[in-house]
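If you read the sequence shown in this note's numbering, its first letter stands for residue 114, the second for the next number, and so on.
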Amino acid sequence: MGNIIARGLQAAVLGLALLGSAGAKAPNIVFILADDLDAAAAAQMPLVKSLITDRGTTFLHHYVSLSLCCPSRSSTLRGQFSHNTTIFKNDLPDGGFGAFYAKGLEASTAATWLTDAGYRTALIGKYMNGYPEDGPSSSYIPPGWTEWMSPIAGTPYKGFNYTMNHNGTPVSFGNAEADYLTDVISNAAADFIRRSVDQFPDKPFFLFLAPYAPHAPAIPAPRHEHMFKNLKAPRGPSFNEKDVSDKPSWVQAQPMLTSTQIEDMDKLYRKRRQSLLAVDEMLANVLNTLQAKGELDNTYIFFTSDNGFHQGQHRLDSGKMTAFEEDLLIPLSVRGPGVPVGQTINAITANVDYASTFAEIAGASAPAFIDGRSLLPFLKGQTPSSWRAALLLENKDGAAPALRDASSPLEPADPFEHRLGTRGDGPGIDGFLGLRINDGTTYLEYVTGERELYSNIHDAAQLRNGYALASPVSRQRLAAWLASLKNASGAALREAELQAPTR
Numbered sequence: 114m115g116n117i118i119a120r121g122l123q124a125a126v127l128g129l130a131l132l133g134s135a136g137a138k139a140p141n142i143v144f145i146l147a148d149d150l151d152a153a154a155a156a157q158m159p160l161v162k163s164l165i166t167d168r169g170t171t172f173l174h175h176y177v178s179l180s181l182c183c184p185s186r187s188s189t190l191r192g193q194f195s196h197n198t199t200i201f202k203n204d205l206p207d208g209g210f211g212a213f214y215a216k217g218l219e220a221s222t223a224a225t226w227l228t229d230a231g232y233r234t235a236l237i238g239k240y241m242n243g244y245p246e247d248g249p250s251s252s253y254i255p256p257g258w259t260e261w262m263s264p265i266a267g268t269p270y271k272g273f274n275y276t277m278n279h280n281g282t283p284v285s286f287g288n289a290e291a292d293y294l295t296d297v298i299s300n301a302a303a304d305f306i307r308r309s310v311d312q313f314p315d316k317p318f319f320l321f322l323a324p325y326a327p328h329a330p331a332i333p334a335p336r337h338e339h340m341f342k343n344l345k346a347p348r349g350p351s352f353n354e355k356d357v358s359d360k361p362s363w364v365q366a367q368p369m370l371t372s373t374q375i376e377d378m379d380k381l382y383r384k385r386r387q388s389l390l391a392v393d394e395m396l397a398n399v400l401n402t403l404q405a406k407g408e409l410d411n412t413y414i415f416f417t418s419d420n421g422f423h424q425g426q427h428r429l430d431s432g433k434m435t436a437f438e439e440d441l442l443i444p445l446s447v448r449g450p451g452v453p454v455g456q457t458i459n460a461i462t463a464n465v466d467y468a469s470t471f472a473e474i475a476g477a478s479a480p481a482f483i484d485g486r487s488l489l490p491f492l493k494g495q496t497p498s499s500w501r502a503a504l505l506l507e508n509k510d511g512a513a514p515a516l517r518d519a520s521s522p523l524e525p526a527d528p529f530e531h532r533l534g535t536r537g538d539g540p541g542i543d544g545f546l547g548l549r550i551n552d553g554t555t556y557l558e559y560v561t562g563e564r565e566l567y568s569n570i571h572d573a574a575q576l577r578n579g580y581a582l583a584s585p586v587s588r589q590r591l592a593a594w595l596a597s598l599k600n601a602s603g604a605a606l607r608e609a610e611l612q613a614p615t616r
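Below is the structure:
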């Protein structure tokens, strides 16, 4: 085994050297973005582990700054925090595809930068929440994409009976086993790779692959629907937490979960795990196709998610949007040319870092508005001379999300969202700003004036809010650091991330 790893490292180093030679094709990029996949569930995917994690680099403290689909996808494509994209929600007026389109944000994304750098680009799967509603037409394709295949009607969240916009033409799929959405995405990805290599051998490609799994209702492929029959959601220390008196008022307002809710949670957990089996197989299909076309050694492959997901922690029904670790921490494993095998990264990284990374890999010109940092030094086995010490967290106050069921092509609500939507005492989660600091601290300021402070190293389950015990000096330091970040952008934001203000 040691000799195999050694040979693999030698081949990777040789591949990187070849890329630097005159006339060599730039590396391809395959970016796989699961939907609502938390880091703990991703760790249970055997093919992700064997094909990506064990053969590349894993980022152990990789976060989203806002745990919600559309804001996260906006940050992914633009490299900006939500206060700079102004996308905070999944629906108008503060988010969704309609806002992303109306604000003109599609004019400058990783897709347009890489297209300008000579890449063929493709998005296959989920785009922005609400697409194509509130856009110019159902055949609309955003700027920068050479090829496009994304659902526009039907019930894609159920995996069957949906219509795709395929390069401007509607293509409908039914309820046959071959119509299962993750498999259709998988086959379309393999086809794009084959055609790109065969028809455009001198052009690199960027493939953005976005399955809907394991988002609720998390319908598995028929071949997997009998797997994991007795599996239950993990019961960690914070599961259905008995005492939430130290938590903010919106958490205190949540009653303890009932046995029926817990039973439903277990069912969803099983279905989520079942639906991920097809994603695992999709990954293998993509890698097998790259290998068959001789492109595997010249392709960076990223596997990650748009946000995390909680199930039962702190009395909360299945969902996201909070600043608890389950919602913020997401998987990120990368393999590719020169990427160290078996390396783990402890630095705080985030979804705002993808766009910078793609641009640097491609040698593309990226705009100054980018807030994120390139991960490429880590992927070359290097330690950056400076890196963020704190990541900004944000969640805008406002009305509970629109409640939809899975019969809509738009995103259906999670059980947690339904629970918030039926509350009579307020808008749901109170808006907050916060910091996730590299010393393991989470600090939050709510619009209500409430504060939270957790030491995640000593209290990984976030059971004890330590703000009341913090010294005035510590409180002042944290508040000043957050204030320096919350309205910052670009180079100034990156500078402010490095350390707390000295005064």
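All C-beta atoms, glycine included, are put in the ideal place defined by N, C-alpha and C.
Just so it is clear, the structure is predicted and the values come from calculations on it, not from any experiment.
Give the DSSP-derived three-state secondary structure of residue 558 in the structure shown. strand
Grouping DSSP H, G and I as helix and E and B as strand, with all else coil, what is residue 168? helix
How many whole angstroms separate the CB atoms of residue 295 and residue 391, which I take to be in contact at a CB cut-off of 8 Å? 4 Å
Between the stretch 543 to 555 and the stretch 446 to 457, do at least 3 Cβ pairs fall closer than 8 Å? no
Nearest-angstrom beta carbon gap, residue 327 and residue 147 [assumed within contact, 8 Å]: 7 Å
For my contact list, residue 544 and residue 508 are in at a C-beta cut-off of 8 Å; report their separation, rounded to the angstrom. 6 Å
Give a yes or no on contact between the stretch 198 to 212 and the stretch 239 to 248, applying the rule of three or more CB pairs nearer than 8 Å. yes
Residues bridged to residue 505 by DSSP? 548
Separation of residue 615 from residue 385, as counted between CA atoms: 46 Å
Residue environment, residue 313, which counts as buried when at least 16 other CB atoms sit within 10 Å: exposed
Nearest by alpha-carbon distance to residue 432: which of 487, 182, 564 is it? 182
With C-beta atoms as the reference, is residue 363 less than 7 Å away from residue 542? yes
Taking the beta strand (DSSP E) that residue 565 falls in, what are its first and last residues? 564 to 568
Ends of the beta strand (DSSP E) at residue 211? First-last for residue 211: 209 to 215, but that is the alpha helix (DSSP H), not the beta strand (DSSP E).
Does DSSP put residue 264 in a helix, in a strand, or in coil? strand
Taking all protein chains shown into account, decide if residue 241 is buried (16 or more other Cβ within 10 angstroms of its Cβ) or exposed. buried
Counting along the chain, where does the beta strand (DSSP E) carrying residue 657 start and finish? Here the chain covers residues 114 to 616 and nothing more, so residue 657 does not appear.
Per-residue burial, residue 369 [other beta carbons within 10 Å of its own, 16 or more giving buried]: exposed
For the pair the stretch 342 to 356 and the stretch 390 to 404, tell me if three or more CB-CB distances fall below 8 Å. no
From residue 329 to residue 270, what distance separates their C-alpha atoms? 7 Å
Compute the Euclidean distance between the alpha carbons of residue 229 and residue 593, then round it to the nearest angstrom. 40 Å
At least 3 beta-carbon pairs within less than 8 Å: the stretch 284 to 301 vs the stretch 333 to 342: yes
So the alpha helix (DSSP H) residue 297 belongs to, where does it begin and stop? 294 to 312
Based on DSSP bridge pairs, tell me the residues matched to residue 432. 423
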